[in-house]
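FYI, in numbering that gives the first Met the number 0 the residues of the sequence shown are 0 to 167. For glycine and all other residues, C-beta sits at the position ideal for the given N, C-alpha and C. Quick caveat, the model's predicted, so the values are computed rather than measured.
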Amino acid sequence: MNNNRLKHKLLKILSKQYVISGFENAENTEIGLNDDIILPLLKVSIEEYELLKMSLFEEKEVFRHNPKYKLGLYATDKGVASFVNKKYKKRNEDIILNWFKVFVQIVVPVLALIIAVLSLTIKLDTLKMQSDKELQKLENIMQEQQLSIEKLEMKTKTLPNHKKNTSE
0 MNNNRLKHKL LKILSKQYVI SGFENAENTE IGLNDDIILP LLKVSIEEYE LLKMSLFEEK
60 EVFRHNPKYK LGLYATDKGV ASFVNKKYKK RNEDIILNWF KVFVQIVVPV LALIIAVLSL
120 TIKLDTLKMQ SDKELQKLEN IMQEQQLSIE KLEMKTKTLP NHKKNTSE
């Protein structure tokens with residue numbers, strides 16, 4: 000990702016020099032910049048700079064510039080077009096968008112699963128509380144019935160003319 004930004008920045012530097020030098024009418028020595036000028040502007044190590052150069056060489060967007068044995072670069076027409084069309088900025092945006100799409104494709108289902116589990120847990124807790132309340136009501140009703148039965152038994156024992164059923 001950072002490579003794309005650096006490529007864009009390097010092409011920007013070289014494209015400015017290309018425009019300043021008067022495009023293709025200028026001598027090869029005027030359209031390029033030496034490495035010792037480019038490196039401080041990019042603020043990268045020599046190794047990173049070499050990797051950037053190789054990548055841009057492969058795309059034929061820059062060529063070597065060698066006035067008086069000082070190595071440097073100059074932008075080709077293709078390199079200037081890449082800068083103007085923001086080729087590397089668009090690549091960077093594509094990388095970010097793709098990363099975001101993958102992130103969303105992973106995170107959304109995981110969050111949905113978490114929400115579903117939480118919802119089920121809450122629903123089960125609610126059902127348990129409801130069944131506990133109903134059970135408590137039934138137990139209360141049973142206790143009331145038991146008390147009623149005991150009261151009736153007490154009343155039947157206290158009646159003097161009470162006869163027990165012996166038909167059993």
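Using alpha carbons as the reference points, say which of the options lies closest to residue i.
i: Asp34; options: Gly71, Asp76, Lys15; result: Gly71
i: Asn84; options: Glu60, Val101, Lys156; result: Glu60
i: Gly168; options: Leu112, Thr125, His64; result: No answer is possible for residue 168: the residues shown for the chain start at 0 and end at 167.
i: Ser14; options: Ile94, Phe82, Asn1, Met53; result: Phe82
i: Met53; options: Ile95, Ser118, Leu9, Asp76; result: Leu9
Considering only their Cβ atoms, is the gap separating residue j from residue i smaller than 8 Å?
i: Phe62; j: Tyr73; result: yes
i: Leu55; j: Gly21; result: no
To the nearest angstrom, how far is it from the Cα of residue i to the Cα of residue j?
i: Leu38; j: Ala80; result: 22 Å
i: Ile148; j: Gln129; result: 28 Å
i: Trp98; j: Glu92; result: 10 Å
i: Leu5; j: Leu41; result: 7 Å
i: Asn169; j: Thr120; result: Limits of the chain in this structure are 0 at one end and 167 at the other, which puts residue 169 out of reach.
i: Val107; j: Val101; result: 10 Å
i: Ile105; j: Ala111; result: 10 Å
i: Leu123; j: Asn2; result: 53 Å
i: Leu134; j: Ile114; result: 30 Å
Excluding the 5 residues preceding and the 5 following residue i in the sequence, name in chain order all residues of the same chain whose CB lies nearer than 7 Å to its CB.
i: Ala25; result: Reliability fails at Ala25, whose pLDDT of 49 lies under 50, so the model's placement of it is uncertain and the value that follows must be treated cautiously. If we look at Ala25 and ignore the five residues flanking it on each side, it has no Cβ neighbours.
i: Val103; result: none
Note down, in chain order, each residue of its chain lying with its Cβ closer than 8 Å to the Cβ of residue i, except the 5 sequence neighbours on either side.
i: Ile45; result: Leu38
Ignore the nearest five residues each way along the sequence and tell me which others in residue i's own chain have a CB closer than 6 Å to its CB.
i: Tyr172; result: Because the chain spans 0 through 167 in this model, residue 172 falls outside it and cannot be assessed.
i: Gln142; result: none
In chain order, which continuous runs of the alpha helix (DSSP H) of length 4 or greater are located wholly inside the stretch 23-108?
Counting only runs of 4 or more, we get 27-30, 34-41, 45-57, 76-83.
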